[in-house]
Amino acid sequence: MVKIGLTYDLKEDYLKRGFTNEQVAEFDSPDTIDALDDAITTMGFEVIRIGNIFSLVNFLNQGNRCDLVFNICEGMFGIAREAQVPCLLDAYQIPYVFSEPDILNLTLDKGLTKLVLKQKGVLTADFKVVSHITELQFINMQYPLFVKPVAEGTSKGIDGFSLVKDLTQLEKSVNYLIENYHQPVLVETFLPGREFTVGITGSGDDTKAIGTMEILLNESTPHQFYSFSVKKDWEKYASYKIADDSAALKCAEIAVEVWRIIKGKDAGRVDFRLDSNGNPNFIEVNPLAGLNPTYSDLPILARLTGMTYIELISEIIISALQRSVIKNT
Numbered sequence: 289m290v291k292i293g294l295t296y297d298l299k300e301d302y303l304k305r306g307f308t309n310e311q312v313a314e315f316d317s318p319d320t321i322d323a324l325d326d327a328i329t330t331m332g333f334e335v336i337r338i339g340n341i342f343s344l345v346n347f348l349n350q351g352n353r354c355d356l357v358f359n360i361c362e363g364m365f366g367i368a369r370e371a372q373v374p375c376l377l378d379a380y381q382i383p384y385v386f387s388e389p390d391i392l393n394l395t396l397d398k399g400l401t402k403l404v405l406k407q408k409g410v411l412t413a414d415f416k417v418v419s420h421i422t423e424l425q426f427i428n429m430q431y432p433l434f435v436k437p438v439a440e441g442t443s444k445g446i447d448g449f450s451l452v453k454d455l456t457q458l459e460k461s462v463n464y465l466i467e468n469y470h471q472p473v474l475v476e477t478f479l480p481g482r483e484f485t486v487g488i489t490g491s492g493d494d495t496k497a498i499g500t501m502e503i504l505l506n507e508s509t510p511h512q513f514y515s516f517s518v519k520k521d522w523e524k525y526a527s528y529k530i531a532d533d534s535a536a537l538k539c540a541e542i543a544v545e546v547w548r549i550i551k552g553k554d555a556g557r558v559d560f561r562l563d564s565n566g567n568p569n570f571i572e573v574n575p576l577a578g579l580n581p582t583y584s585d586l587p588i589l590a591r592l593t594g595m596t597y598i599e600l601i602s603e604i605i606i607s608a609l610q611r612s613v614i615k616n617t
C-alpha cells in the first residue's frame, strides 16, 4: 500500500511554546488534519501523521520513509519558511504535493512575485517595496494607497490601517508594520473594485481553473476589503459566490497564465481585484492554499462548483503522483 506522510503545523503546538494567536494564524487545527487523513484514507492510501518540520527531522533521522508527503507546513521564520519542508524532502528524494522550494520562496515575497509577473505582461497595481520609513520619500503614487507586509499569509498585517489616504497615514501604517512584522512593506495603488479568487488544480499543460469565486462583504464589515479581522469573522462579514461574468472569466484566464509562469504545482489560488476601469489586477498567488474543509477559500470555492472535498484532495494527490512518476522514469 502506498504510504503518504502528512506534514503540518498545528496552532496548539506553537501556542504552547508562547507564540501569539496572530503569529500562528496560518497554522492548522486538528479538524483540518482529520479531514485530510480521512480523505486520503478513503482514496485507499495509508496515512502517516508526521507533523511539523521538527517532527519530520526526527522521522527521517530514525530511517523512516514514505512514498509521498502531503505537505501543508507554513513554517515560522523567514521569507523562505514555506520552502523549508520541501527543501528537506528534496534532500531525501521524497516526492511531495504542491510546489517546489524556489516557487514557494518566490510567491511568499509579494513584491518579487508582482515584479516577475509584471515583466511577463500581467496587469498589477503600481507598487513599491520599502524597508525603512525614510524610503517613503521616493513614493510617487496617487492616493489612496494600500499597505501590507511583503511576506505574510492569511491577510496577516492587513486591517483598517492598510488603506491610507495621505502621507501622514502612510508613515504611521508603514512604521507600524515594519516594527511589528520585522519585514519590508508592500505599498501599492488601492484597487476599488470587486475581489475574486480563482481556484487552480494541475501543473503545466494540465493546469485548469476550477472556478472563480467572488468575495462579497456586507454593510456591517468594518472596512471594504478582505482583512485579517474580516477573515477571522468571515461568517459575520463575508459571503462567497461563483462568478461567471466577463470579469470573472478574465480572472480565470489570467490565473492559469500566472500559474504556468510561476510553474505552480498541483493546486493553489490566484487572487484578483478590479481597478477603477473594471480590469482584473493580480494581487497574489497562493501555491500553498489552506485546506480546512469548512472555512478555507479553496475548499469553499471547490464546494460551490460542486466538487467534494475528497475530489479536491484526490486531484491534488493524483497530480503529484503523476509528476513523481515522470520525474523518476
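Under our numbering, the first residue of the sequence shown carries the number 289, and numbering increases by one thereafter. Just so it is clear, CB atoms sit at the ideal spot from N, CA and C, and this is done for glycine as well.
Apply the 10 Å Cβ neighbour rule to residue i and answer buried if 16 or more other Cβ atoms are within range, or exposed otherwise.
i	result
L474	buried
V418	buried
D521	exposed
Y525	buried
N616	Because N616 carries a pLDDT of 44, less than 50, the predicted location of this residue cannot be relied on, and the following value inherits that uncertainty. Exposed, because fewer than 16 other Cβ atoms sit within 10 Å of the Cβ of N616.
M289	exposed
Y380	exposed
D454	exposed
F342	exposed
F365	exposed
R305	exposed
F426	exposed
Q372	buried
L403	exposed
N567	exposed
V385	buried
Less than 6 Å between the CB of residue i and some heavy atom of the ligand COA, yes or no?
i	result
T582	No copy of the ligand COA appears in this structure; indeed no ligand is present at all.
State the beta-bridge partners of residue i as determined by DSSP.
i	result
E572	D559
L474	V417 and K436
E334	K291
E497	Strictly speaking, residue 497 in this sequence is Ala, with Glu absent from that position. Beta-bridge pairing links A497 to I488.
T412	F570
Kindly indicate the opening and closing residues of the alpha helix (DSSP H) around residue i.
i	result
Y302	K299 to L303
R591	D585 to L592
G399	K398 to Q407
L348	I341 to N349
P383	From DSSP, P383 is part of no alpha helix (DSSP H); its letter is neither H nor E.
T320	P318 to T330
With 7 Å as the threshold, decide whether the Cβ of residue i is near any Cβ in chain D.
i	result
L356	Although the question refers to chain D, the structure presented lacks it and comprises just one protein chain.
Provide the residue span of the beta strand (DSSP E) that contains residue i, from first to last.
i	result
I292	K291 to T295
I488	E483 to T489
L356	L356 to N359
Practice prompt. Could you pull out every unbroken beta strand (DSSP E) segment of at least 3 residues lying fully inside the segment 420 to 470, listed in chain order?
Written response: 433 to 437
Fill in: alpha helix (DSSP H) runs contained entirely in the segment 499 to 554, provided each spans 4 or more residues
516 to 520, 522 to 525 and 534 to 550
Worksheet item: Should the segment 565 to 579 be called in touch with the segment 376 to 396, which here means at least 3 C-beta pairs below 8 Å?
Response: yes
Item to complete: Evaluate the contact criterion for the segment 462 to 478 versus the segment 421 to 435: three or more CB pairs, one atom per stretch, below 8 Å.
Response: yes
Discussion item. Would the segment 440 to 447 count as touching the segment 490 to 506 if we require 3 or more Cβ pairs under 8 Å?
Written reply: no
Practice prompt. Evaluate the contact criterion for the segment 534 to 547 versus the segment 483 to 500: three or more CB pairs, one atom per stretch, below 8 Å.
Written response: yes
Worksheet item: Taking three-plus beta-carbon pairs below 8 Å as touching, is the segment 490 to 501 in contact with the segment 580 to 589?
Response: yes
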